[in-house]
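Counting along the sequence shown from 1, when you hit position 229 you're at 587 in our numbering, and nothing is skipped either side. Heads up, the beta-carbon is just placed ideally off N, CA and C, and yes, glycines get one too. In this text the structure is predicted, and so the values were computed from the model without any measurement. Have a look at the structure below before the remarks.
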Amino acid sequence: MNTLVSRRMTNRLPLASWAFVAGMLAFMAGVGSPASAQPSTGAMEQGAPVLLNDGIPKGVENVTVEQRLGNQLPGDMKLIDSKGRKFTLSHYLDGERSLILTLNYSNCPMLCNVQLNQLAQSLDQMGDLKIGEDFQLLSVSIDPTETDQRLRDTKKRYVEQVPSHPKAEEGWSFTRTTKANVERLAKEVGFSYKYNPRTKEYAHPAMLAFVSPDGVITRYSLGVAFPPDQMKLALVEAGQGNVGGIVDQFVLWCYSYDPNENSYVPQAWKLMRLGGGMTITLLGLALLPYWRGRKGSPANATDDETPDGDVSTTAGPDGTSEPAPLKPTQWHLHGNAD
């Protein structure tokens, strides 16, 4: 656009004015560029609006997540938590509680902060499922140079954002490991990332991996938005019947995961079956009194007729027996007797 404008103005202005115009255009371009290239530092504050650049920088086109559902996490992989304690990954797979796995690093300039802030907000709004009771969180740093003190600072920042989870301190672990182990774990979960030695930053996607109590990847959540209801369904699904109550299991039965929408959506055929079953049940309850009335009515006829079909008798005023009044269905019997 600037080139086209300069060509038109060259044809209309004297040669002495061309240099002035070119200089103004260069100045305007120079003023606008740095402002648009620098991220707003205010976006790092909790609750501040965040604007993400939708463009993909050159060299990081392959920084994505390949969903590898059904893969088993490497339980023997060694980790060090924020207190300097050494564990294997299997320590966080207790066979009872599902696990949310994130890959981040503390010195990330933007994406990790945005992702974990949003994750903490959604967790605090999720309701009856609690960190450390119904499920666990494990954040593994992709930066092998990260220190224990840095991990402690990062953990403190996000645990404070989930006051509705009293056991978050023990249920949300921030860990580090070696470069080889990070690469191994990233490969297993399909998480790709690249290190830029010039800026000393990592290019990586946003990802949550939901893991069953025995270490199998059951679901992914990609992006920085984590609706609480969607997270709850993913945790219930990962829990394989051990997480959530009867109502949660029933709601999960009514939904299925749509990879195109990256969310759980209602299953129409299951809802139709449910509606049909409820309709039949209500009709049965409504007709039950009628059926019970029909069932009781034949008993009234047995008082007037003997088992062999003879007409029963009643006592008259003087104590003598008299034949009971005939019913229409007994007329033929009385006629035959005559």
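Three-state secondary structure (DSSP) at residue i?
i, result
"T512", "helix"
"Y578", "strand"
"K552", "strand"
"D452", "coil"
"A538", "helix"
"M468", "coil"
"D347", "Examination of residue 347 is not possible in this model, given that the chain is present from 359 through 696 alone."
"K525", "coil"
"L427", "coil"
"S391", "With a pLDDT of 37 at S391, under the threshold of 50, the predicted position of this residue should be treated as unreliable, though the coordinate-derived value follows. Note: S391 maps to helix in three-state DSSP."
"A567", "strand"
"K441", "coil"
"Q519", "coil"
"V311", "The structure shown has nothing for residue 311, since the chain only spans 359 to 696."
"A583", "coil"
"E546", "helix"
"K558", "coil"
"S499", "strand"
Give me the residue from the options with the minimum Cα distance to residue i.
i, options, result
"F549", "Q479, S499, P555", "S499"
"E546", "E595, R426, K514, P524", "R426"
"D506", "T576, G573, S440, V594", "S440"
"G529", "R542, E541, S497", "S497"
"I575", "T460, V540, P502", "T460"
"D501", "A596, D511, K552", "K552"
"Y560", "R443, P432, S464", "S464"
"G442", "S531, H523, N554", "S531"
"Q483", "V520, P467, L469, C466", "V520"
"A564", "D486, A544, L487", "A544"
"P467", "T503, L580, K558", "K558"
"S448", "S456, I458, M435", "M435"
"A478", "E504, S456, T512", "T512"
"N320", "Q588, L593, A583", "Any question about residue 320 goes unanswered here, given that the chain covers just 359 to 696."
"H562", "N462, Y516, G433", "N462"
"E504", "I438, Y578, M589", "I438"
"C470", "H523, Q430, Y516", "Y516"
"A592", "S456, L431, Q430", "S456"
With a threshold of 16 other CB atoms inside 10 Å of the CB of residue i, please say whether the residue is buried or exposed.
i, result
"E454", "exposed"
"D452", "exposed"
"G597", "buried"
"D492", "buried"
"P571", "buried"
"A567", "buried"
"E518", "exposed"
"K514", "exposed"
"P538", "Residue identity check: residue 538 is Ala in the sequence provided, not Pro. Classification of A538: exposed, given that the 10 Å Cβ count is below 16."
"N420", "exposed"
"T446", "exposed"
"R542", "exposed"
"T536", "exposed"
"V569", "buried"
"N554", "exposed"
"R556", "exposed"
"S717", "Examination of residue 717 is not possible in this model, given that the chain is present from 359 through 696 alone."
Using 8 angstroms for Cβ pairs, my map puts residue i next to residue j. What's the rounded Cβ distance?
i, j, result
"S480", "P585", "7 angstroms"
"L495", "R534", "About 15 angstroms separates the two Cβ atoms, so there is no contact after all."
"L580", "V423", "6 angstroms"
"A525", "I489", "Strictly speaking, residue 525 in this sequence is Lys, with Ala absent from that position. With 8 angstroms as the limit, K525 and I489 qualify as a contact, their Cβ atoms being about 6 angstroms apart."
"G573", "G428", "The pair is not a contact, with the Cβ atoms about 11 angstroms apart (cut-off 8 angstroms)."
"L487", "K590", "6 angstroms"
Hey, does residue i have any beta-carbon neighbour from chain B nearer than 9 angstroms?
i, result
"T536", "In the structure shown, chain B does not exist; there is a single protein chain."
Are there any heavy atoms of the ligand ZN lying less than 8 angstroms away from the beta-carbon of residue i, as far as the coordinates show?
i, result
"K537", "For the ligand ZN, the structure offers nothing, since it holds no ligand at all."
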